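K.L.:
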Amino acid sequence: MVCLTLLGPVDIPGKAGVPRPQFGTPRLRCLLAALALRANAVADVDWLAEILWADTPPANPESGVHNLVFRLRSTVARRQADDRLRIVTTAPGYTLLVDRAEIDSLLFTDTVGRAAGIVSSEPQLSVGMLDDAEKLWRGTPFGEFSDSVWARAEVQALLERRVRGAETAADALVALGRPADAYEKLIPFVEEHPYREGLHLRVMTALWRMDRAADALDAYQRLRRRLATDIGTDPARSVSDLHTRILAGETAGRSRR
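Add 146 to the 1-based position in the sequence shown for our numbering, that's all there is to it.
#1: DSSP three-state call for Leu282: helix, strand or coil?
#2: Counting pairs of Cβ atoms below 8 Å between the stretch 198–207 and the stretch 246–264, do you hit three or more?
#3: Any idea if Lys151 is buried or exposed, counting beta-carbon neighbours within 10 angstroms, 16 or more meaning buried?
#4: Rounded C-beta distance between Val248 and Cys149? I'm assuming under 8 Å.
#5: Please state whether DSSP places Met147 in a helix, a strand or coil.
#6: Identify the continuous alpha helix (DSSP H) that holds Gly210 and give its terminal residues.
#7: Considering only C-alpha positions, which residue in the set Arg284, Thr286 and Gly259 is nearest to Val407?
#8: Using the DSSP secondary-structure output, state which residues sit across from Leu243 in a beta bridge.
#9: Could you check if Thr314 is buried or exposed, using at least 16 other CB atoms within 10 Å of its CB as the buried criterion?
#10: What residue does the beta strand (DSSP E) around Asp190 start on, and which one ends it?
#11: Pull up the CB-CB distance for Leu174 and Thr221, whole angstroms please, since I reckon it's below 8 Å.
#12: Could you pull out every residue in the same chain whose Cβ sits closer than 8 Å to the Cβ of Arg400, ignoring the five residues on either side in sequence?
#13: Whose C-beta lies closer than 7 Å to the C-beta of Ala382 among residues of the same chain, with five residues either side of it excluded?
#14: Could you give the residue range of the alpha helix (DSSP H) that holds His346?
#15: Measure from the alpha carbon of Glu196 to the alpha carbon of each residue in Thr286, Arg219, Val295 and Glu290, then state which is nearest.
#16: Does Pro167 pass the burial test, meaning 16 or more other C-beta atoms within 10 Å, or should it be called exposed?
#17: Taking 8 Å as the threshold, find out whether the stretch 261–272 comes into contact with the stretch 297–304 through three or more Cβ pairs.
#18: To the nearest angstrom, how far is it from the Cα of Val191 to the Cα of Val244?
In C-alpha cells form, the structure reads like this:
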C-alpha cells in the first residue's frame, strides 16, 4: 500500500476508505514533498531552507530546518503504523528512506516503464498495469506546491509520463482488438494536449480499426488545420502517412500495429 502520495495533494493516507484530515501543516507538507522529491538521496540543508523560506529565511536556516525535520519525524510517526517512511540525518542534510513502491509517483513511474516494455509481448498484462497506475492519480502532482520552482520540473515530467502511459495503453488495446476502448482512453488526453501528434495518430488508428475511416480522416483534417493556424506547421510524417493509407482505402486489419 502506498504510504506517501504526491499525485495530488501531498499526504500520508490512512487505511483505504477511512477518511482523515490532510497530513501536517503546509510547511511540514512542503518539507516532506521536498524530501520525497529526492527520496533515498541526500537533500542538502541549504536546498531545503531555500524551498521552505525562499527570500525570507530565519536567522539560522540550518537550525530552522533541523527543528522542522524534528517536527516532521514526530508527525510522520504518529500518522503511520510502521516505519515505512524514515527520515535520517545524512551530511550535509537529510534523507527520506522509503521503498519506491511506497510513493505513488515513483510507483507510477516504474509501472509505466515496465508496462511499456511488455506492450508488444504481453499487451493484456500491460493494459492491466497501466490501469492500476492511472488509478494512483488524485489531482495535480505535488498539490499546493505544483507551481513552486523546485517542484515544477518533476510535475511536468509526471504529466508527460501520464500521457505516455495513455499512449502505451492505447497501443496495447488496439493490439488486443479493442480500438473503442483505446479511443475512449485517448480522448481526455487529446482535449488536454491538442497539439500532441502521437495522441492524434492513435486516435486516427483507433477510429480506423473501428471501421470509422471517415471520422479518422476528419480527425486528421482538424489536426492539420490547428497546426497550420496556430503553429504554422504540417502534421508529422507518421500522421500524414496514416492519413494517406486511410484515403487509399487500406483495410485497417492488415496492420494491427
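Where is the CB? At the ideal position from N, CA and C, for every residue including glycine. As the structure is a computational prediction, the values presented were derived from the model and not from experiment.
P.N.:
By the coordinates alone:
#1: coil
#2: no
#3: The residue asked about is misnamed: residue 151 is Thr in this sequence, not Lys. Classification of Thr151: buried, given that the 10 Å Cβ count is 16 or more.
#4: For the sequence presented, residue 248 should be read as Glu rather than Val. Indeed they touch by this definition, with Cβ atoms about 5 Å apart.
#5: coil
#6: Pro207 to Arg225
#7: Because the chain spans 147 through 403 in this model, residue 407 falls outside it and cannot be assessed.
#8: Arg232
#9: buried
#10: Val188 to Asp190
#11: 6 Å
#12: Here the model assigns Arg400 a pLDDT of 43, short of 50, so the residue's position is not dependable, and the following value carries that caveat. Closer than 8 Å at Cβ, skipping near neighbours: no residue.
#13: Glu343
#14: Glu343 to Arg355
#15: Val295
#16: exposed
#17: no
#18: 19 Å
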